Ligand SMILES: C[S@@+](CC[C@H](N)C(=O)[O-])C[C@H]1O[C@@H](n2cnc3c(N)ncnc32)[C@H](O)[C@@H]1O
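In this note's numbering, the protein residues as written are 105 to 299.
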């Protein structure tokens, strides 16, 4: 084995170790760890939002890119992922490349709280309650009327959903949001089903 090849292997090992550490550490530091959405839940959410071909979907915290790939491949959307972890960006980009959807998927390294979201037709965000509260003001400022917002796992306090999947905890909102909450939505749904 030549010295150059040995050096190459050592540098590759160091690069993989750094990416591995970043993979674990960065999401933990944000307080929004990487928990991937399982495939049937992604499909349910995108169906709920009735995403159309050529619409622009943003995944806020794109993880390994699975939502972007499904939105592009199964629904013909243009999917943009914003992700703060460089390792996840790299994996998401590689997965999109191997899935053959790089013409419809882009990965942006950065913080979704400071990203311009004005061009979005659909927002997808897998959140904790703390991040949902923090993100609400940013979405109210940025999004155009008619934009749909899908939140997974946590709801937007103060916004009444326009649809809700109770088994998979998927919340759909339309901008501008209707004041209220999950309770007002459920009360209205109960009273219409009683009629
Ligand atoms: C719960 S995971 C969701 C992953 C993917 N959207 C999915 O549903 O499979 C949240 C992701 O958001 C990323 N993240 C957390 N805070 C972020 C921020 N402020 N800006 C961009 N990405 C962030 C984490 O690194 C993690 O990959």
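Glycine included, each C-beta is placed from N, C-alpha and C at the ideal position. Model, not experiment: these values are computed from the prediction.
Residue interval of the alpha helix (DSSP H) (run including residue 112)
Taking the chain shown and counting its residues from 1, the one referred to as residue 112 is at position 8. Per DSSP, residue 112 belongs to the alpha helix (DSSP H) from 107 to 134.
Using CA atoms only, rank isn't needed, just tell me which of 116, 266, 202 is closest to residue 288.
Position 184 of the chain shown, counted from the first residue, corresponds to residue 288. Residue 288 has its Cα closest to that of 266, out of 116, 266, 202.
With distances taken between CB atoms, is the gap from residue 181 to residue 156 smaller than 9 Å?
Here residue 181 is taken as the residue at index 77 of the chain shown, counted from 1. Here residue 156 is taken as the residue at index 52 of the chain shown, counted from 1. Between residue 181 and residue 156, the C-beta spacing is below 9 Å.
Could you tell me whether any non-hydrogen atom of ligand 1 is closer than 8 Å to the CB of residue 171?
Translated into positions along the chain shown, residue 171 becomes position 67. True, at least one ligand heavy atom lies under 8 Å from that Cβ.
Name the two residues that bound the continuous alpha helix (DSSP H) containing residue 153.
Numbered from its first residue, the chain shown carries residue 153 at position 49. For residue 153, there is no enclosing alpha helix (DSSP H), as DSSP marks it with neither H nor E.
For ligand 1, I want to know if residue 187 counts as a neighbour, meaning its beta carbon is within less than 8 Å of at least one of the ligand's heavy atoms.
Reading the chain shown from its first residue, position 83 is the one you call residue 187. At least one heavy atom of ligand 1 is nearer than 8 Å to the Cβ of residue 187, so yes.
Enclosing alpha helix (DSSP H) for residue 195 [first to last residue]
As a position in the chain shown, residue 195 is number 91, starting the count at 1. Element bounds for residue 195: 190 to 203.
Check: residue 138 C-beta below 8 Å from any heavy atom of ligand 1
As a position in the chain shown, residue 138 is number 34, starting the count at 1. Inclusion of residue 138 in the 8 Å shell around ligand 1 follows from its C-beta lying nearer than that to a non-hydrogen atom of the ligand.
Close Cβ partners of residue 209 (< 6 Å) along its chain, the five nearest in sequence each way excluded
As a first step, residue 209 must be located in the chain shown, where it is residue number 105. Cβ within range, chain order: 172, 176, 183, 200.
So if DSSP puts residue 211 in a beta bridge, which residue, or which two residues, is it bridged to?
Taking the chain shown and counting its residues from 1, one reaches residue 211 at position 107. Looking at the DSSP assignment, residue 211 forms a beta bridge with 185.
Grab the span of the beta strand (DSSP E) containing residue 252 for me, first residue to last.
Numbered from 1 along the chain shown, position 148 holds the residue referred to as residue 252. For residue 252, the enclosing beta strand (DSSP E) begins and ends at 252 to 256.
Using the C-alpha atoms, what's the distance from residue 105 back to residue 142?
Stepping through the chain shown from its first residue, residue 142 is reached at position 38. Stepping through the chain shown from its first residue, residue 105 is reached at position 1. Each residue's Cα considered, the two are about 44 Å apart.
Presumed contact (8 Å Cβ cut-off) between residue 252 and residue 278, rounded CB distance:
Residue mapping note: residue 252 aligns to position 148 of the chain shown, counting from 1. Residue mapping note: residue 278 aligns to position 174 of the chain shown, counting from 1. Rounded, the Cβ-Cβ distance is 6 Å, consistent with contact.
Start-to-end residues for the beta strand (DSSP E) that takes in residue 276:
Against the chain shown, residue 276 aligns to sequence position 172. Taken as a continuous stretch (DSSP letters only), the beta strand (DSSP E) holding residue 276 covers 274 to 278.
Within a Cβ cutoff of 6 Å, which residues of the same chain sit near residue 275, ignoring the five residues on either side of it in sequence?
In the chain shown, counting from the first residue as 1, residue 275 sits at position 171. If we look at residue 275 and ignore the five residues flanking it on each side, its Cβ neighbours are 255, 259, 265, 268.
Nearest candidate by alpha-carbon position, reference residue 270, set 129, 212, 149:
Counting from 1 along the chain shown, the entry for residue 270 is found at position 166. When each option's Cα is compared against that of residue 270, the closest is 149.
Apply the 10 Å Cβ neighbour rule to residue 202 and answer buried if 16 or more other Cβ atoms are within range, or exposed otherwise.
Looking up residue 202 in the chain shown gives position 98. Flag for residue 202 reads exposed.
Quick check: is any heavy atom of ligand 1 less than 8 Å from the C-beta of residue 242?
Sequence index remark: in the chain shown, residue 242 carries index 138 (1-based). Relative to the non-hydrogen atoms of ligand 1, the Cβ of residue 242 never comes closer than 8 Å to any of them.
Shortest alpha-carbon distance to residue 134 belongs to which of 167, 120, 112, 121?
Along the chain shown, one-based indexing puts residue 134 at 30. It is 167 whose Cα lies nearest to the Cα of residue 134.
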